[in-house]
Structures are given as C-alpha cells and as structure tokens.
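Chains as they are written, first to last, in the working numbering: chain A, 2 to 340; chain B, 2 to 340.
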C-alpha cells in the first residue's frame, strides 16, 4: 500500500516512526505500507515511486527542511499534492495538515482530488470531515474507496470504529465526553495547584496544545470533534452554529479549588445528539465517570438503544497516539481489500 | 443469512427479540437474517428452511415447550444439531447453550461440525472458546469461515472487536478488569447495606446470575472469560490451571464496610498477561477507574504498546445485552462477505 502524506508535523512524524518500528511485524501479517510522497507547507516536498526512507525523512524533518533528505534515484522534490495524486502510484492519501474549521482548505481540495483519483482517504485533519463530510462520502462511494478519520477524535482511542463497526447493530442516541486533551491536562494541573498560565505553558511544552492554543482553550477543537461525531454517530450534518461553544478561559484556580472543596471537578464536556449540542466547562460530582478522567486522556460515553451506556477512555492527544489511529485505519482498509 | 441456534435461554430470547424489533432497519441496510432452526435441551427443537416466526418462537419458549409452536408448512420438530447443520440451508451457527468449562461438550462437537460444514460460528457459550480455541480457529480457517465470540466476554460491550479490529495496529501487553456482572452487582448492593445472601437473591431475581451461581461467586465465570481474553488478546492458549482463581464467597458485609471506611472498594478483578493471570477480590482505592464501575457493568483496561491504557466500560450481563453482541458479530460477518 503506497501512501501520500500531506503534512508532516507531530502526527505525521509519529505515524512514520510507528510504521518504521512495526514494519517487520506488519509484513508478517501481509501488510506492507510504504510512504512514497510527503508534502508540507514549510519543509518542502518529496516524492519517490519506489518509496522514501523513513529514518532519512525523520532526520530531514527534524533538521527543518526536506532539502536535507539525501538524493536517491527517482526522487522528485518539486511536487504538488495534485501532481502526486495524478501520478497514479499511490493507494491512499493521509491528510495531516493543520485543521481549518472555517473553510477546510486547502485540505478539502486535495481530499476530493484523491478520492476522485481512486485513492483511499485517511484524515487526522478535522476540517474536511467537520465541514464537508457528505461531499467526501459521496466522492468515496462513487469510486468505491474508503474514507476513514479515526485520528480526528480522541487521538488513537478508537471511538469511531467502536461506534460504527463494533456497535454496528446499535443506534447511538446521544454522546457525552471529554474531547480535548490539552484542556483536560490543564484542568488536572490546575487542580494540583498550578495557575492557568503555568498549566497552558506546560501543555505547550509537552506538545499537547494544537498549533493555535486558542482552538483548545476556547472550545473550538472540541467543537470540531463534536461535529465529526455528529456525522459519524447520528448521520447528522450539524454546523458549528448548531453548537453552543465555550471553553476554559474563564476558569480560574479559585473556581477549581472551590469545586474541589465541594467534592466536584470542573471538566470541559461536549454533549451531543442528532439535534445539536454544546461544549462547555461543567462541574461534575466526583462519582461521575468523566470526573475521573485525568491528564491528556479523553473519554466518550455513547448512549445506545440496546446496551445502555458504553464508555471508552484513552489517549486524547500526542503525535504517536494520533499516528496510531492512522495505522489502525490503514489496517481496516487492508482487511476490507483482502476480503 | 440463515441462522441455527443451539440454546434458547435468556440470551437466545434476547437476541430473537432484537432481531424482530430491528428487522425493518436491518433490511434497509441489506442485512436480512432469519432464524431457521433452534435446538434446546429442555424445550425441544424446531427447524424450517423458510424461517421460523420469531413472535411464535418466543411465545412457545415462554410457555416452556416448542410443542406450543404452531404447525407450519415445512416445519420439523424431530431435529438434531448435526441434522440441521447437514441439511445445508444454514449460513451460521449460534452456540448459546450453557457453558461447561470442564469439557466444553456437547457444544464443542456441534461447533466443529458447523465449521466443517461451511457455516460461520458465533458463540455466547464460553466453553468451546476457553478450552478449544486453536482447534476451532484451524477449522474456521480451513473452510474460510468466521469464528466470532464477542458475547462470551462483557455481554454486548465490544471488547474483542476493540482489541482485535479497532486496535489492530497495537500489541496488547496486559489486561485488567471486572469481568463478572453478577458479583459486581452483588458487591455494589452489599456496599449499599445488603447482606451477601440478600445481594445474591436479588442478582438471581434480576436474571444476572448464570445457571449455576457458584460459577459467578467462586470466580470461575470470570476465569473462563480470562482464558478467552488470553487467546484473543495475546494468542496465549492458557488453561484454567494457569490462573489463580478465587471469588467473593469469603467477602462479608463487614469487610466491605471496613474498606469503605478507608476510602476503598472491594472488586472482583481479573489480571492477565500472556504468561498467566489471576482472578481475585481486591481492595481498590476510590481513585482507581475500576472502583467506579458499579452494578452489573463490566470494564476492561487494555495496556497497549502504542497508546498506553485504553479502557472500555459497559453492560456485563443480561439477555438482551448479550444478544446485542450476537447481532454485532453477524453484522461483522456480513460486512466481510459483502466486500
């Protein structure tokens, strides 16, 4: 399976590392993925039909420019996303560039070009799924290609596979959870005594915060994930304006201490049904299962028709953790193709 | 998809109810399952190539005998499991008879006959999977049939799909959880002030307890599930003798009150790795995520190589809840066949 990557930040690098580490084991299972092209906004691009060398790719990325990637036979450096897709050697596009929740561009155009060119599409970028899921889905179905986006919600914790595949016989009635790892980490640190500013600085130092921290702390990252869940769980094409969104910027260390004194915790909670939803900081009694979810973990409770509540808790941030979701999505595509 | 059922207790009846309620919606999705045969130890058997009527089947089961099922063209009442399989009209066998952890019989023979006859096999009965998984797996692979058993662990909560499919790219290093709904319900009631005997009587009245309550309270039900998890998560063919097993029969209301006074809860915990494991009552600090799992819920934390801990919490008992797992397994088989 030949892969094109658009974007090569923490997620793309985490994914490449995993692919390299697991390569022998994956081959034993009959799965041999190969990165043949990478395009970035700041480091340049690389394309080679016979595959790129992952350690060299990671070294060039760490050095800040793909100009540091060594010359190889068949290597091209002057490539565009559309050019790589049109070349016809790739089987799947991984869209890993930063999320734009206003227009989803320029990622949306590449995604549509990939599907129309007969590639499978796997996303970590939330924009195209949050804003244009029906259009992507139609393009995928028209060419019999798969559209997967596990990495867009709860990093590698497989909540979409859980809802859409493992629970395929159940209807999901509503969902409620902690969808942003950065703010949950910050709230956990503030409970331990840090100020808002200290907690944010530490979240950024650990690489949890998104490119623009405002997206995390004002609730927009969680809201984008809520839109994706609305599509995936309920088939509901909600818009950002269907959600009431606020974040944790108004929460002080004093609020958290006061909640703690009452046996409560403050969490940034997304609540969602087919009709709409909201993202806001809430006080939860300590007995609420979501109150116990700490650090950069995320959690989602799915309310189902047949089973009642099913809750999944796991990593909610991190480059390798999100890269894991990309690998799991590719394995699902390979399983479907081998049948 | 034509189905044979062996066993028609709470799980079989819950499954049949769900199939009937969801029939229109499943057909819209291109999935039209039909129960064509049912065999029980105490109510008799029914077989009809054109399908059995589910409401009439449920009414006859409630009345205690399939002799009450009305006469229909093509209906046979004198059928054996082997005879139904040999007739060649069925696509899948659902083995739902009571678990026997000593020999797995008579279920194991029917399971092997079904796979050798080219049927898919779906189990709620733990015996054949716990004791003879490698043999079943070889028989399934030899005929290109699927072997699925989500219903054997955590009722309908899809922990096996989670580990084997949604997390296919991860290695599972160890697992730790609450696998028996009956005892977790009893411990929760005892925490609220009931005696052991009262809590057991209430668990039985609610239909949570297995046919033999000793299997629950002495830890054997959880141990059987641990053997299944060892196979499914680690590919490790452990035996019951590889596990240290004890239950909750030694736990008194006083023990529970004492734990509560120290900010702890007593839970029946299964711990498992490829090398072995144990099932025993443990005191957990209230901050342990498993301490918050109450009533008939179950939970399992999977320790993974790439993602750290992933925890799933959901229903751990109940006929309809377990029947839901059978439906989800059949949908997974149908997805694989349609690709």
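Backbone N, C-alpha and C define an ideal beta-carbon position, used for all residues, glycine too.
None of the values given here were measured: they were computed from a predicted structure.
Residue interval of the alpha helix (DSSP H) (run including residue i)
i                      : result
residue 175 of chain B : Element bounds for residue 175 of chain B: not the alpha helix (DSSP H) but the beta strand (DSSP E), 173 to 179.
residue 320 of chain A : 320 to 339
residue 190 of chain A : 182 to 192
residue 12 of chain A  : 11 to 22
residue 268 of chain B : Run containing residue 268 of chain B: none in the alpha helix (DSSP H); it sits in the beta strand (DSSP E), 265 to 274.
residue 259 of chain A : 254 to 262
residue 84 of chain B  : 82 to 87
For residue i, the first and last residue of its enclosing beta strand (DSSP E)
i                      : result
residue 280 of chain B : 277 to 286
residue 48 of chain B  : 46 to 48
residue 310 of chain A : 309 to 316
residue 349 of chain B : Nothing about residue 349 of chain B can be read from this structure; chain B reaches only from 2 to 340.
residue 57 of chain B  : That residue, residue 57 of chain B, is in no beta strand (DSSP E); its alpha helix (DSSP H) goes 55 to 63.
residue 100 of chain A : Looking at the DSSP string, residue 100 of chain A is not in any beta strand (DSSP E), and its letter there is neither H nor E.
residue 302 of chain A : 298 to 305
residue 4 of chain B   : 3 to 7
residue 39 of chain B  : 35 to 40
Proximity winner among the options, relative to residue i (alpha-carbon distances)
i                      : options                    : result
residue 313 of chain A : A/15, A/299, A/127         : A/299
residue 23 of chain A  : A/337, A/339, A/338, A/332 : A/332
residue 39 of chain B  : B/303, B/228, B/61         : B/61
residue 295 of chain A : A/116, A/172, A/317, A/107 : A/317
residue 188 of chain B : B/260, B/126, B/246        : B/260
residue 335 of chain A : B/250, B/167, B/177, B/262 : B/167
residue 17 of chain B  : B/256, B/222, B/328, B/64  : B/328
residue 213 of chain B : B/196, B/150, B/195, B/101 : B/101
residue 3 of chain A   : A/86, A/249, A/117, A/322  : A/86
residue 116 of chain B : B/99, B/132, B/91, B/98    : B/91
residue 144 of chain B : B/337, B/121, B/242        : B/121
residue 243 of chain A : A/41, A/227, A/233, A/72   : A/227
residue 301 of chain B : B/195, B/319, B/127, B/180 : B/180
residue 27 of chain B  : A/171, A/49, A/147, A/50   : A/171
residue 262 of chain B : B/246, B/304, B/326, B/193 : B/193
residue 134 of chain B : B/237, B/30, B/308         : B/237
residue 5 of chain B   : B/43, B/305, B/53          : B/53
residue 43 of chain A  : A/30, A/98, A/93           : A/98
residue 326 of chain A : B/284, B/81, B/169, B/158  : B/169
residue 234 of chain A : A/257, A/215, A/304        : A/304
residue 322 of chain B : B/19, B/8, B/307           : B/19
residue 49 of chain A  : A/337, A/338, A/75         : A/75
residue 256 of chain B : B/284, B/59, B/239, B/229  : B/284
residue 254 of chain A : A/208, A/195, A/229        : A/195
residue 290 of chain A : A/82, A/311, A/275, A/232  : A/311
residue 307 of chain A : A/51, A/164, A/258, A/199  : A/164
residue 315 of chain B : A/31, A/229, A/309         : A/309
residue 8 of chain A   : A/324, A/208, A/215        : A/324
residue 55 of chain B  : B/21, B/66, B/82, B/33     : B/21
residue 222 of chain B : B/103, B/288, B/200        : B/103
Own chain residues within Cβ distance below 7 angstroms of residue i, not counting five before or after
i                      : result
residue 286 of chain A : 264, 265, 292
residue 129 of chain B : 96, 105, 108, 109, 112, 137
residue 118 of chain B : 86, 87
residue 147 of chain A : 121, 141, 334, 337
residue 51 of chain B  : 75
residue 41 of chain B  : 8, 9
residue 230 of chain A : 154, 176, 273
residue 73 of chain B  : 49
Same chain, Cβ closer than 8 angstroms to residue i, five either side skipped, listed in chain order
i                      : result
residue 252 of chain A : 188, 191, 197, 267, 282
residue 68 of chain B  : 45, 61, 78
residue 174 of chain A : 274, 304, 305, 306
Chain-order list of residues whose beta-carbon lies under 6 angstroms from that of residue i (same chain, five-residue window excluded)
i                      : result
residue 249 of chain A : 184, 218, 269, 282
residue 150 of chain B : 124, 130
residue 220 of chain A : 246, 247, 248, 280
residue 63 of chain A  : none
residue 278 of chain B : 227, 244, 272
residue 70 of chain A  : 47, 57, 61
residue 114 of chain B : 83, 86
7 angstroms Cβ cut-off: residues of chain C touching residue i
i                     : result
residue 77 of chain A : No chain C appears in the structure shown, which is made up of the protein chains A and B.
Ignoring anything shorter than 4 residues or poking outside the region 116 to 175 of chain A, list the alpha helix (DSSP H) runs there in chain order.
127 to 144
Beta strand (DSSP E) segments (min. 3 residues) lying fully within the region 194 to 251 of chain B
244 to 246
Counting pairs of Cβ atoms below 8 angstroms between the region 195 to 212 of chain B and the region 143 to 160 of chain B, do you hit three or more?
no
Cβ pair count under 8 angstroms reaching 3, the region 31 to 51 of chain A against the region 5 to 18 of chain B
no
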